[in-house]
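Visitor: For the record, in the sequence shown the residue sitting at position 57 is 69 according to the numbering used here, with numbers rising by one throughout.
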Amino acid sequence: MKILQSVQRNKLLFILSAAADFLFFFMLAQLHYRVFLSAARHLKAVLELLTKNIQQISIADAAQPDILNNAEFLLHYREVLKGIFFLLAGFYLLWLVFRGIAWFWAHKISSTKISFEQYLKKFFVITTVGTILFFGIIILFASLMNYVTFTIFPLITPKIAQALTFAVMLLLHYCYSTSIAGIGSKHPYKTFLTFRLQTIIPYLASVLWFITATSIAVVVSRTNFYAGIAFAAIIIMPSITCFRMLLLRKF
């Protein structure tokens, strides 16, 4: 009830917060699409050269080619790495800008006492640390999948590896969300240690709702693309702001 009252008093800020979330996902999709278009040809060439190299090794071990000295391979490989770099850097910048705006408006709606300068500084630090940890988990996941895929007798299965990675990602996002929610406190960097039912339940509810709603949006978009976009803009994005405000009430 208090959340609805806050929304009614700050309708414009609520709309702006939801719009910032929508722009984040829209721009991220555009970034992914453009990077994929530019890197797809180079990735295909890298895979073809690697396949050819493996076949040559199996045919004649004595004449093993050194793929890392292949100028054509290195050219395409650098372009693939460049695409990955732009994707990760773009993800970080888009999150910093649009998620930062969305969280700021949510704090304002919830009457959090913090200046824009203080918020900007703390949000930058928390987001930068969280992004570094996120990228680190991706690298560890890739190493883990390499282990379970190519090891003769792996200790875990690929599904267990994926489940463990998802659990760690969920824990990281929870810690990040509670840190941002408590950004108005004196020690926001310690709020990630807040493991209370009052914060865990609304967080898990938001994750479950987002997964369900996103699945619905995907199904709807397959029938009508614009209907799926409308569902995301009108239903999903405002709900994200509501769940943020619900989490903010616990700090």
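Note that the Cβ used here is the ideal one computed from N, Cα and C, for glycine as well. Quantities reported herein were computed from a predicted structural model and do not represent experimental measurements.
Is it buried or exposed, Pro-170, if we count other Cβ atoms within 10 angstroms and call 16 or more buried?
Guide: exposed
Visitor: What number of angstroms, rounded off, separates the C-alpha of Pro-250 from the C-alpha of Tyr-188?
Guide: Rounded to whole angstroms, Pro-250 to Tyr-188 spans 20 angstroms at the Cα level.
Visitor: What do you reckon, are the CB atoms on Thr-211 and Thr-224 nearer than 7 angstroms?
Guide: Between Thr-211 and Thr-224, the CB-CB gap reaches or exceeds 7 angstroms.
Visitor: Go ahead and pull the three-state DSSP assignment for Leu-167.
Guide: coil
Visitor: In three-state terms, what does DSSP make of Lys-14?
Guide: helix
Visitor: Counting C-beta neighbours from all protein chains within 10 Å, is the total for Ser-227 16 or more, i.e. buried, or is it exposed?
Guide: exposed
Visitor: Given that a residue counts as buried once 16 or more other Cβ atoms are within 10 Å of its Cβ, and exposed if not, what is Ile-195?
Guide: buried
Visitor: Would you call Tyr-178 buried or exposed, if buried means 16 or more other Cβ atoms sit within 10 Å of its Cβ?
Guide: According to the sequence provided, residue 178 is Phe. The question's Tyr does not apply to it. So Phe-178 counts as exposed.
Visitor: In the structure shown, what three-state DSSP assignment does Arg-208 receive?
Guide: coil
Visitor: Would you mind stating whether Tyr-131 and Phe-110 have Cβ atoms separated by less than 7 angstroms?
Guide: Cβ atoms of Tyr-131 and Phe-110: not closer than 7 angstroms.
Visitor: I need the DSSP call for Arg-261, collapsed to helix, strand or coil.
Guide: The three-state reading of DSSP puts Arg-261 in coil, since its state is none of H, G, I, E or B.
Visitor: State yes or no: is the C-beta of Leu-108 within less than 7 angstroms of the C-beta of Thr-139?
Guide: yes
Visitor: Excluding the 5 residues flanking Asn-158 on each side, which residues of the same chain have their C-beta closer than 7 angstroms to its C-beta?
Guide: Sequence-distant Cβ neighbours of Asn-158 in its own chain, meaning closer than 7 angstroms and more than five residues away, do not exist here.
Visitor: Which value, in whole angstroms, describes the spacing of the CA atoms of His-88 and Leu-25?
Guide: 46 angstroms
Visitor: Distance check for Ile-164 and Ile-248, CA to CA, integer angstroms please.
Guide: 44 angstroms
Visitor: Which first and last residues belong to the alpha helix (DSSP H) in which Arg-111 is found?
Guide: Premise fails: Arg-111 is in no alpha helix (DSSP H) and is neither H nor E.
Visitor: Phe-207: buried (16+ other C-beta within 10 angstroms of its C-beta) or exposed?
Guide: exposed
Visitor: Locate the alpha helix (DSSP H) running through Ala-239, then write down its first and last residues.
Guide: Taken as a continuous stretch (DSSP letters only), the alpha helix (DSSP H) holding Ala-239 covers 237–243.
Visitor: Would you kindly work out how many angstroms separate the C-alpha atoms of Ala-52 and Arg-261, rounded to a whole number?
Guide: Cα to Cα, the separation comes out at about 45 angstroms.
Visitor: For Ser-197, does the three-state DSSP call read helix, strand or coil?
Guide: If DSSP states are grouped into helix, strand and coil, Ser-197 belongs with coil.
Visitor: Thinking Leu-93 and His-44 are a contact (beta carbons under 8 angstroms), I'd like their distance in whole angstroms, please.
Guide: Not really, about 16 angstroms apart at Cβ, beyond 8 angstroms.
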